[in-house]
Structure formats: structure tokens, C-alpha cells
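Visitor:
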Amino acid sequence: MASKALRKVFSFPVALSAIVALWVYIGSGYSVWDADIWWHLRNAQYLFAHHNLPTTDLYSFTAAGHAWMDHEWLAEIPYYLAWRTAGIRGLYVLTLSLLVVIHLGIFYWASRQSRNLKGALVVTCFAVFLTKVSFGPRTILFGYIFLILLLLILSRYRATGRGPLWVLPPLFCLWINTHGSWLLGFFVFAVYIGSGMVEGSWGRIDAVRWTPQELRRLLAAAGASVAALFVNPFTYRLVYYPFDLMFRQKLNIQYVDEWASVDFNDARGKVVLILLAVILLGALLSPRHWRLEEVALGAFALYAGLIHIRFLFLAAILLAPMLAKLLDFIPPYRPEIDKPLLNAVICAIIALVFVFRFPTRADLARAVVQRYPVNALDYVKAHRLTGNFFNRYMWGGYMILFHPEVKTFVDGRTDIFEYTGVLKDYLDAELLEGSLQILDKYRIRYVLTSPRHPLAYLLSNTPGWKMIFRDQVALIFERSAAVPESLPTSPSTPGGT
Numbered sequence: 374m375a376s377k378a379l380r381k382v383f384s385f386p387v388a389l390s391a392i393v394a395l396w397v398y399i400g401s402g403y404s405v406w407d408a409d410i411w412w413h414l415r416n417a418q419y420l421f422a423h424h425n426l427p428t429t430d431l432y433s434f435t436a437a438g439h440a441w442m443d444h445e446w447l448a449e450i451p452y453y454l455a456w457r458t459a460g461i462r463g464l465y466v467l468t469l470s471l472l473v474v475i476h477l478g479i480f481y482w483a484s485r486q487s488r489n490l491k492g493a494l495v496v497t498c499f500a501v502f503l504t505k506v507s508f509g510p511r512t513i514l515f516g517y518i519f520l521i522l523l524l525l526i527l528s529r530y531r532a533t534g535r536g537p538l539w540v541l542p543p544l545f546c547l548w549i550n551t552h553g554s555w556l557l558g559f560f561v562f563a564v565y566i567g568s569g570m571v572e573g574s575w576g577r578i579d580a581v582r583w584t585p586q587e588l589r590r591l592l593a594a595a596g597a598s599v600a601a602l603f604v605n606p607f608t609y610r611l612v613y614y615p616f617d618l619m620f621r622q623k624l625n626i627q628y629v630d631e632w633a634s635v636d637f638n639d640a641r642g643k644v645v646l647i648l649l650a651v652i653l654l655g656a657l658l659s660p661r662h663w664r665l666e667e668v669a670l671g672a673f674a675l676y677a678g679l680i681h682i683r684f685l686f687l688a689a690i691l692l693a694p695m696l697a698k699l700l701d702f703i704p705p706y707r708p709e710i711d712k713p714l715l716n717a718v719i720c721a722i723i724a725l726v727f728v729f730r731f732p733t734r735a736d737l738a739r740a741v742v743q744r745y746p747v748n749a750l751d752y753v754k755a756h757r758l759t760g761n762f763f764n765r766y767m768w769g770g771y772m773i774l775f776h777p778e779v780k781t782f783v784d785g786r787t788d789i790f791e792y793t794g795v796l797k798d799y800l801d802a803e804l805l806e807g808s809l810q811i812l813d814k815y816r817i818r819y820v821l822t823s824p825r826h827p828l829a830y831l832l833s834n835t836p837g838w839k840m841i842f843r844d845q846v847a848l849i850f851e852r853s854a855a856v857p858e859s860l861p862t863s864p865s866t867p868g869g870t
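Our numbering applies: residue 374 is where the sequence shown begins, and numbers increase by one.
1. Between Phe-480 and Val-393, is the Cβ-Cβ spacing less than 8 angstroms?
2. How do the stretch 426 to 439 and the stretch 469 to 480 stand: do at least 3 beta-carbon pairs fall below 8 angstroms, yes or no?
3. With DSSP collapsed to three states, give me the class of Ser-853.
4. What separation, rounded to the nearest whole angstrom, lies between the Cα atoms of Val-668 and Gly-534?
5. State yes or no: is the C-beta of Tyr-465 within less than 8 angstroms of the C-beta of Pro-732?
6. Closer than 8 angstroms is the cut-off here; do at least three beta carbon pairs connect the stretch 746 to 754 with the stretch 844 to 856?
7. CB-CB under 7 angstroms to Arg-511, same chain, minus the five flanking residues each way: which ones, in chain order?
8. Please give the ranges of any alpha helix (DSSP H) in the stretch 758 to 782, keeping only runs that are unbroken, at least 4 residues long and fully inside the region.
9. Can you give me the C-alpha to C-alpha distance between Ala-650 and Lys-698, rounded to a whole angstrom?
10. Using alpha carbons as the reference points, say which of Arg-852, Ser-598, Ile-513 and Leu-503 lies closest to Gly-400.
11. For Asp-579, which three-state DSSP category applies?
12. By a C-beta neighbour count over all protein chains shown, 10 Å radius and 16 as the cutoff for buried, is Phe-689 buried or exposed?
13. If I follow the unbroken alpha helix (DSSP H) through Tyr-830, where does it start and stop?
14. What does Phe-842 pair with, by DSSP beta-bridge criteria?
15. If you draw a straight line from the C-alpha of Ser-574 to the C-alpha of Leu-588, how long is it?
16. Kindly indicate the opening and closing residues of the beta strand (DSSP E) around Ile-817.
17. According to the neighbour-count rule (16 or more other Cβ atoms, all chains shown, within 10 Å of its Cβ), is Lys-381 buried or exposed?
18. Taking contact to mean 3 or more Cβ pairs, one atom from each stretch, closer than 8 angstroms, check whether the stretch 543 to 562 and the stretch 513 to 530 are in contact.
19. Contact check, Ala-601 vs Phe-545 under 8 angstroms by CB: the rounded distance?
20. Which first and last residues belong to the alpha helix (DSSP H) in which Thr-787 is found?
21. Using DSSP with H/G/I as helix, E/B as strand and the rest coil, what is Arg-683?
22. By DSSP, does Ser-634 sit in helix, in strand, or in coil?
23. Which residue's Cα is closest to the Cα of Ser-598: Pro-427, Phe-702, Arg-582 and Val-540?
24. By Cβ distance below 7 angstroms, which residues in the same chain neighbour Gly-837 in space, the five residues on each side in sequence not counted?
25. Straight-line CA distance for Arg-457 to Gly-576?
26. Can you find at least 3 beta carbon pairs, one from the stretch 624 to 643 and one from the stretch 673 to 684, that sit closer than 8 angstroms?
27. Quick check on Thr-429: does DSSP put it in helix, strand or coil?
28. Can you list, in chain order, the residues of its chain whose CB lies under 7 angstroms from that of Pro-857, leaving out five sequence neighbours each side?
29. From this set, Gly-492, Trp-768 and Glu-806, which residue's C-alpha is nearest Pro-705's C-alpha?
30. Is the beta carbon of Thr-781 less than 8 angstroms from the beta carbon of Met-772?
31. Would you give the residue range spanned by the alpha helix (DSSP H) that His-413 belongs to?
32. How far does the alpha helix (DSSP H) with Ser-401 in it extend, from its first residue to its last?
33. Could you round the C-beta distance between Thr-787 and Gln-622 to whole angstroms and report it? I think they count as a contact, below 8 angstroms.
34. Less than 8 angstroms separating the beta-carbons of Ala-693 and Thr-497?
35. Going by DSSP in three states, Gly-878 sits in which element: helix, strand or coil?
36. Look at the alpha carbon of Ala-440 and the alpha carbon of Ile-841, and state the distance between them as a whole number of angstroms.
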């Protein structure tokens, strides 16, 4: 009896799952910080203090009082609770846990679809090179968990005609309140529905039509899921938000790094090239037949990942089963020759690595100091500097949480700054296109920037500005001339959500 329990607890799949967890842990490093997490924490702090969501901008001076929608409010709560419970270490533990859960989900999804446990391990470990684009305390991680659950439910229903479709409406209700990636989920839903509307074979692509009963159930679940989207604090406005991002927030898409296309000259691009080569060779050499939904999802994954690097995470999830199937030359797992003692040793070693390599609070705090202007803002507070600040985009969130007395020029809430025209002015100033005129326009008294930024060079060589603080991370410039008084403090462009 004990031997049977040991074989179950320390099976080969469990050992492989531990290896996946270790690989994610090593890949994440200590600096898993995202610039937006700080203002997300501030939003949740406001919610807990006031028992309602902020509906206008409270954090900047450039868009102060402008209508704003906290469209990821539900995902902010777990991060805030982790932060309130254990500070920066709690934030790290939650982030790492979410990343491990997602990659274990990829491993399970790939192994279940391919029936190739070892191939699924190889694919999941390879996937980390793609998913690292979103490693950090990001709200979209909840969206990827929901996506994996959706794929598991729909693939089971496709294969057997049975599955817990009743889970989908509450899943989409949670999803829309955590992240706008719910729209990707509906695209996946539509692919599964559409792939069963036809029947036939085209080369090595096969499609099987839904039975009338299966299709009715699926459409009913889809309709209920659409209705569930409107169960949110902002009703139709939250449903519309992903479309607003696509069609209205042009500067966001154009200039924010994670929306850029894949650069095949860097390390990530080379990994994508390897991925494309594997898929191409697999398509040419493998005699395997593919289901229509697999091909459609694979094509969408490649398109999305190549156009925007942030969707390489999505590509890793959707392509995992296909890649695992291409590795069917790897010998299959044979439970009858499992070695529970060896598996237990592997799990124990991995557990020890987690324990002894786990970062201390000092390690994590040091990572924050190396990335954010901690010392510069302490200087601001100690010297009671007042007046309008021009700050770097990536530092705005940190200012919102730790130095709310210093109102930001811009921060990670890109939507509101694009609506008001502030984002364009910020980008022009960063690119040295009329920088001094923009600093005058907003009556900037202090500039908080990086030593390596072109704006620092410009101000160092411009009369009327002097450097009052410098360290390896940040500089503070102070206007020594009088601040213009006749120009507006903030724009009055209408708009917003």
C-alpha cells in the first residue's frame, strides 16, 4: 500500500512538473518587476480605503481630474493583498506562483493534446524563452491562466462532446474584470465553433462537423459568456475597452516596446526563428494529420507573436501541443518502469534549490533600487522640492505608490495620457523634438531622467537648467530661470473612458 502511494506521489509526471517549476524559477531571476505594478497597487489601496474604484485621474498633474477607468481592477487585488501581507517578498512569491501555474498548465495542455509527456516537457522548457516577455507582476498573467482553462475545456468538448461548458460564463466574467485579453479568449472560442461548422479533408488538415446537439450547447455557452462580460463595474465601457486600445490608442501601440514586432537580430528573435524552422520542417517531414482548429490557432499564434512581441506568450501557449506532437520520436513514458525513489530524489533536490536560492528581502529591494529612482525621490522628499516634474514613463508608477506627493507627468496608464494629448508631448520631449518648448508648456520646474538619456545631455548644455542630484540610476535637473506663468499646466483635450 505504501509502495503504491509512493509511486503515485513521486511519479515521473510529478518529477517533470518539478523540473518545469525549477526552470521557470531560474528563468524569472530576482528582478521580476513590471513598471505598472506600482500604480496597480495604489489603485487597490484606494479601493480598500474608500470602498470604490477611482473614476478620475488622481495621480498626475497633466491629466488631473480627467475621467479614467481602472479596467484591470480585479487583478490588482491579489497583488495588493500579497504586498500588504509580506511586502516586496509577497509580491515576488505571488508572481512566481502565477508563472509556475501557467507553465504547468502549458505542460499539462501540451501533454494531454499530444499524448507525449517527454515532448511536452521539452516544449514547455523551450516556451520559457518566449514567455519571458511577460515575466513580472503583471495583470495579464491571470488572463493566460483563464486562456489555458478555456483551451482545456473546449478541447475536451471537441474530443468527447462532453465538458463543463457551464464554467465558461463565470470564467469570462472574471476574465473581463482582470484583463482585456478576454477578447483573445473569444477569438479562440470562435475558432472552435467555426472549425466544427465544416467537414472534410484538405491534404493533411481534417475537420469534423459538430452534431446539432453539440453546436446548440456550444452556442448557448457562448451567448451566456457574452452576457457575462457585462457583469462589471463599468458595463459596456469595459467591454469596448480592447477595441478602444486597438483603434484609438495609436501611440500606445506604436511606441510602447512590448507592442513592437519581433526583432530577428536579438536573442528573442533568434528563438522565434528556431520555432519557425521547427514548425516548417515538421509540416514538411511529418505525415501527421492536423485538426482544422489546431491549424487556425497555430496560424493566429504565429501572426500575433510576430506582429507584437507581447503575444509571444500567447504563441507559446497555443503552439505547445503542435510542437509536442512533432516530437513524437521521443520514446513514450512507460508507467510500469517508473522509478519513484529517483523521482523523489529529483523533487527533493529541486525543493532544496528553491529554499537555498530564494531571494531575501534585501535582494529584492536591491533589484528595485537598481531599476527605479529610489534615491532621487528620497532626495526630493528630503529637500521638499515642489513644482511640476517631468519624469520618465517607466518611473511614474513607482512615484504614484511611494511618493504620491510628487504628481507624475506621465505613467503606465497610457490610455489617459493618449486621450489628453500628454503622451504625444512626452514622446516628443523624449525624442528631443521641441523638448524645451514642451517643458515650458507644462511649466516644468524639475526633470527626473536617466543619466544615459538624450534629454539629460540637452539639459546639461542648456542655460537655465542645473543638475541638483545624480546617481547611477537618475538625475534631477532644476530650472534656474523663472517658470513660465502664462502657459497652461495641463491640456484640456476632451475624451477618455
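All C-beta atoms in this analysis are idealised placements derived from N, C-alpha and C, irrespective of residue type, glycine included.
Guide: Let me spell this out:
1. In this structure, Val-393 lies closer than 8 angstroms to Phe-480 by Cβ.
2. Too few Cβ pairs lie closer than 8 angstroms, so no.
3. In the three-state DSSP reduction, Ser-853 falls in the coil class, being neither helix nor strand.
4. Answer to the nearest angstrom: the Cα atoms are 20 angstroms apart.
5. Cβ distance < 8 angstroms, so Tyr-465 and Pro-732 count as in contact.
6. Here the stretch 746 to 754 makes contact with the stretch 844 to 856; the two share three or more CB pairs at distances below 8 angstroms.
7. Same-chain partners within the cutoff: Asp-407.
8. Inside the stretch 758 to 782, DSSP marks whole alpha helix (DSSP H) runs of 4 or more residues at positions 769 to 775, from first to last along the chain.
9. Going by C-alpha positions, Ala-650 is about 15 angstroms away from Lys-698.
10. Nearest C-alpha to Gly-400 among Arg-852, Ser-598, Ile-513 and Leu-503: Leu-503.
11. DSSP, read as helix, strand or coil, puts Asp-579 in strand.
12. Note on identity: in this sequence residue 689 is Ala, with Phe being the wrong assignment. Buried, since its Cβ has 16 or more Cβ neighbours within 10 Å.
13. It spans 827 to 833 - the alpha helix (DSSP H) in which Tyr-830 sits, taken as one unbroken run.
14. For Phe-842, the pairing in a beta bridge is given by DSSP as Ile-849.
15. Whole-angstrom Cα-Cα distance: 20 angstroms.
16. For Ile-817, the enclosing beta strand (DSSP E) has its first and last residue at 817 to 822.
17. Lys-381 is exposed by the Cβ-count criterion.
18. Judged by pairs of C-beta atoms under 8 angstroms, the stretch 543 to 562 touches the stretch 513 to 530, as three or more such pairs exist.
19. Indeed they touch by this definition, with Cβ atoms about 5 angstroms apart.
20. Annotation for Thr-787: the continuous alpha helix (DSSP H) segment containing it runs 787 to 792.
21. Helix.
22. Residue state, collapsed to three classes: coil.
23. Taking each of Pro-427, Phe-702, Arg-582 and Val-540 in turn and checking the Cα distance to Ser-598, the smallest one comes out for Val-540.
24. Once the five neighbours on either side are set aside, the close Cβ partners of Gly-837 are Arg-852, Ser-853 and Ala-854.
25. Taking the straight line from one Cα to the other gives about 57 angstroms.
26. Below 8 angstroms, enough C-beta pairs join the stretch 624 to 643 and the stretch 673 to 684 to call them touching: three or more.
27. The DSSP-derived three-state label of Thr-429 is strand.
28. Cβ neighbours of Pro-857 within its own chain (closer than 7 angstroms, five residues either side excluded): Asp-813 and Arg-816.
29. The shortest C-alpha separation from Pro-705 is found at Gly-492.
30. Pairing Thr-781 with Met-772 gives a Cβ-Cβ distance under 8 angstroms.
31. Looking at the DSSP string, the run of the alpha helix (DSSP H) that includes His-413 is 410 to 423.
32. 385 to 401 is the span of the alpha helix (DSSP H), which, as asked, contains Ser-401.
33. 7 angstroms between Cβ atoms; contact.
34. Yes, the pair counts as a contact, with Cβ atoms nearer than the cut-off.
35. Here the chain comprises residues numbered 374 to 870, so residue 878 is not present and cannot be evaluated.
36. Near 35 angstroms, if we compare the C-alpha coordinates of Ile-841 and Ala-440.
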